[in-house]
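Start counting the sequence shown at -13; every next residue gets the next number (my numbering).
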Amino acid sequence: MTVARAAAAIRRAPKLEAMKAELEAFPVLGSSLYSWMKEYVQTEIQLEQLTSERASVRAETASDQGPAGALRSATIGLLGRARAAMVDELAANTTLSRNLVEQTFGYFDELSLTRARKTKPVESAGNTPVEG
């Protein structure tokens, strides 16, 4: 909505000067309608510039995960290796509970599903356990 308003303000800016005399004829609180309209147009143009700058900053930093992203990736990798080691141990040791993997990693699987639901439609989230 702001982009459309800013585009309209940019298109109307030249017309503002042409209508200066008519707009100054209308007094408003502390000024004239012309000064209000001029400030409105300037503010919309500034908002458009700020929005554009914000979008370019977001685009530049979108792939920059920083230390939190690296830590998350390393943690998911460790959890995947731990899960694989536990599956191997379950295959070798029949005295262990058959649902040990689910008991141990169930909460992480729930976190993974919650994250998937927030980023994807519910019907396509599926079962996305943490894997390495």
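We put the CB at the ideal spot given by N, CA and C, even for glycine.
Given the structure is predicted, the values throughout are model-derived calculations rather than measurements.
Query	Result
If contacts are defined as beta-carbon pairs under 8 Å, then Glu34 and Ala(-1) qualify, I think. What distance do you get, rounded to the angstrom?	That belief does not hold up - the Cβ atoms of Glu34 and Ala(-1) are roughly 12 Å apart, past 8 Å.
In this structure, how does DSSP classify Ser83 when only helix, strand and coil are distinguished?	coil
Pull up the distance between the alpha-carbon of Tyr26 and that of Lys106, whole angstroms please.	39 Å
Around the Cβ of Arg(-3), are there at least 16 other Cβ atoms within 10 angstroms (buried) or fewer (exposed)?	exposed
Can you give the beta carbon distance from Val(-11) to Thr61, rounded, assuming they're within the 8 Å contact cut?	At roughly 39 Å, the Cβ-Cβ gap does not stay under 8 Å, so Val(-11) and Thr61 are not in contact.
If you follow the alpha helix (DSSP H) that Ala68 is in, where does it begin and where does it stop?	52 to 78
Just to confirm my understanding: we take Phe12, look at its own chain, exclude 5 residues before and 5 after, and list those with CB closer than 6 Å. What are they?	Leu19
Name the DSSP bridge partner or partners of Val14?	Ser17
Do the CB positions of Thr100 and Met72 come within less than 9 Å of each other?	no
Answer with buried or exposed for Val87, where buried requires no fewer than 16 other C-beta atoms within 10 angstroms of its C-beta.	buried
How close, in whole Å, do the beta carbons of Glu30 and Ala4 come, if the pair is a contact with beta carbons under 8 Å?	Actually they are not in contact, since the Cβ atoms of Glu30 and Ala4 sit about 18 Å apart, beyond 8 Å.
Express the C-alpha separation of Ala7 and Gly55 in angstroms, rounding to a whole number.	58 Å
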